[in-house]
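Chains as they are written, first to last, in my numbering: chain R, 29 to 345; chain W, 1465 to 1986.
The C-beta atom is built at its ideal place from N, Cα and C for all residues, glycine as well.
Nothing here was measured: the structure is a model prediction, and the numbers come from that model.
Read through the structure below, which is laid out as structure tokens, and then see the notes.
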């Protein structure tokens, strides 16, 4: 590998590349569209990114530990209908439903981990099955929009300081804590090790079982949090809430430079990936691309973005 | 101890480090079998503090099984391990680590995406509760690296950015962070150049100075002469020699490694020299520099119908020769001609078109499609010949498969049987059948007898002989000297990418091959 391609590839794996693309796209969008940098669009864009960023953080943790979690979007959905349905506009009941949702999240994470760690089911299959089960639970509970979220909670996502919604500020604090956790905690270091090479981790005295369990439980907890954010922005939970979020989050982690095989990647890159995806959708709306053909453009932009940073040896995706 | 000996222990007062001292680690009566086949039989081993103990033996002698048991990767069927006179039982690498035994394997047990310090302290990170004290971790990494004289390695560097040699140093440093008292080095020299080797020796000296006991596995006897204090030679799962290095010559060690005078019942050989030369083109390799092997060039010729063996240690370039001829790696320079045709070996496909076919070492992964039928595997390389306009002609396919399966004497219930249900030997015959089907001029065999049972071995030897007698030239590479001897007419012995000796006829003995491949020539 030449020095130049190696540096470019390093830009990608370090998660810097995706932020460069974000900057470029933001400049293009604000120059070409009058409605991009407006008081209406910016808070809206920031609000939209919240659930995707949260769920991306969860998947990033699972992927770093060498796992994958396909059940997250279904968990978002289940959280949304439960919180909205049980809460039904009442703050007290809403909080109880939130606690219930986190309880379910922990259970889902533990069951996923049990299948993976004890029964040696590949995470792809275990969490795919979990996805099915959770989807079934949602539809057993309701087939249409149900209940509502208390106005106070909804306002938290729309009231703002300058262009920044309160919820976005809360997200920034949460991300700050997450970065700190990655820097100072033992567990994330061991997640990189277990995801990089289980046998090496084992020979170094790291038992992968608990590490994988933690990563999947944390992933589920992030998914529940994303579900609460998603339903609070929407106001009502429905069986369509969060549809497709898992694929968006996996995409975000990968365009952020992490390896889908585990053990390699930076949180800042994954978050950038989520922001980029939200920005692409928003820009496509701005320039009036129809909802139906957005997928086509989104896919094309993602491939181009990654292709820019692929070395001759191929990207470590 | 003779005055000529250059031993690390010479720098220590003999009273403190002498043989009389109780061993640091002691193994007694170790037995281990795999599926009923004994790999270790009643092995004893004593390791002393501050000594380098060389462990020698040919492939399959039981060295790796022994160190796997020592380092907790495997558990013995019976026998006792003692550390400092206390009996221990290592049920995992972690256990062994706690007992002070760490193995440094050829394939590094490090994580390339993590920093040097993270690698060094993984699993034993300094810090309290759920937190890692990164400052302390980096500082202690610095100390350990300095202690080993590896001051140029930064603790915060991502490991994958270091050279292989530096990574090996980190691996050894990692052993130190685990408070290792016994460090097992599994053929470290196989991946190191000469300068790096000097660094490694210096590091070993520092380790032994601090009272650590080293188990050093190598095939290079000159290395043993240079750094070992004690030598154990294994053969066929038994310890056949344990002696102070100063008492031993290289000849003694070779003798112990070879042991038996007669090996296999010498199978009939297809001596080219004795019969009339066969018709066909002759392969000429001229001035070929193997990739990644330095400046030396290689020249040899191969007569039609001749079976040539290539022997040498890991890293000698023996498999590189095959890789170049099979079009997997380009040669750095030189020409390869077949008859009057100059060969362009840019890809495996190009090599196959020009009549060179490789039977790969890893047949399960690279040689066969395991979950497909025998006949599908056999015709895989010649689908054009048994099809019309993309449609398979089942009669041609069957005829072709049947004749090859019969020629190769594959034992099977039916040709529609999936290959994975066949024995190792029969799988190898299926690969041979597929390769022969392309009517190659040159057949390259990489480790052709590995994982093949005794009965099938002699059949394959026979089959290869027949193939050669019909005019196909064969090159055999194997780490098992016995196999090379059994299969070939003539043997090239490689060391460090150059040919050190050509052996034919009576010269081609196990002792000679071992000597020329493992003893440095001036």
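- In this structure, residue 1508/W lies away from residue 1536/W, with their beta-carbon atoms at least 7 Å apart.
- In the assembly as shown, residue 1878/W is an exposed residue. Its beta-carbon has fewer than 16 other beta-carbons within 10 Å.
- Only exposed fits residue 1643/W, as fewer than 16 other CB atoms lie within 10 angstroms of its CB.
- For residue 1494/W, the uninterrupted beta strand (DSSP E) segment begins and ends at 1489-1498.
- Taking 7 Å as the cut-off, the Cβ atoms of residue 1928/W and residue 1938/W count as close.
- For residue 1776/W against residue 1981/W, the beta-carbon gap comes to about 5 Å, under 8 Å, which counts as contact.
- Taking a cut-off of 8 Å for Cβ pairs, the region 1484-1496 of chain W and the region 1546-1554 of chain W touch, as three or more such pairs fall below it.
- A buried status is given to residue 242/R, since no fewer than 16 other beta-carbon atoms sit within 10 Å of its beta-carbon.
- With respect to the C-alpha of residue 1620/W, the residue from 1585/W, 1553/W, 1954/W and 1496/W having the closest C-alpha is 1585/W.
- Burial state of residue 183/R is exposed, judged by a 10 Å Cβ sphere holding fewer than 16 other Cβ atoms.
- Residue-level contact by beta carbon fails for residue 35/R and chain W, as no gap is shorter than 7 Å.
- Boundaries of the beta strand (DSSP E) around residue 1764/W: 1762-1766.
- For the 7 Å CB-CB criterion, residue 1681/W and residue 1716/W do not form a contact.
- By the C-beta criterion, the region 85-100 of chain R is judged not to be in contact with the region 304-319 of chain R, since fewer than 3 inter-stretch pairs fall below 8 Å.
- Inside the region 1745-1832 of chain W, DSSP marks whole alpha helix (DSSP H) runs of 4 or more residues at positions 1782-1789 and 1812-1817, from first to last along the chain.
- For the region 169-251 of chain R, not one full-length beta strand (DSSP E) segment reaches 3 residues or more.
- Neighbours of residue 215/R across chain W, judged by C-beta separation under 7 Å: 1594.
- Straight through space, the alpha carbons of residue 292/R and residue 1630/W are spaced by roughly 21 Å.
- Residue pairing from DSSP places residue 1906/W in a beta bridge opposite 1820/W and 1937/W.
- Between residue 292/R and chain W, the shortest Cβ-Cβ separation is below 7 Å.
- Taking every protein chain shown into account, the CB of residue 275/R has fewer than 16 other CB atoms within 10 angstroms, so this residue is exposed.
- In the structure shown, residue 1871/W adopts helical secondary structure according to DSSP, grouped into three states.
- For residue 1534/W, the uninterrupted alpha helix (DSSP H) run begins and ends at 1527-1534, by DSSP.
- Assigned with DSSP and collapsed to three states, residue 38/R falls in helix.
- In terms of Cβ geometry, residue 137/R and residue 296/R do not form a close pair [threshold 7 Å].
- Put simply, of 82/R, 232/R, 224/R and 132/R the residue whose alpha carbon is nearest the alpha carbon of residue 1589/W is 232/R.
- Sixteen is the threshold: since fewer than 16 other Cβ atoms of the shown chains lie within 10 Å of the Cβ of residue 179/R, the residue is exposed.
- With respect to the C-alpha of residue 284/R, the residue from 290/R, 298/R, 163/R and 52/R having the closest C-alpha is 298/R.
- Contacts with chain R at 7 Å (Cβ-Cβ) do not include residue 1854/W.
- Annotation: the continuous alpha helix (DSSP H) that includes residue 1717/W extends over 1714-1722.
- For residue 221/R, at least one C-beta of chain W is nearer than 7 Å to its own C-beta.
- The beta carbon of residue 1575/W falls within 7 Å of a beta carbon belonging to chain R, placing the residue at that interface.
- Listed in chain order, the non-local C-beta contacts of residue 1718/W below 6 Å within the same chain comprise 1975, 1978 and 1979, local neighbours out to five positions each way being set aside.
- With a cut-off of 8 Å on Cβ pairs, the region 1765-1772 of chain W is in contact with the region 1742-1750 of chain W, counting three or more such pairs.
- When secondary structure is reduced to three states using DSSP, residue 67/R falls in the coil class, being assigned neither helix nor strand.
- Residue 1587/W reaches chain R at 232, 233 and 234, counting residues in chain order whose Cβ is nearer than 7 Å.
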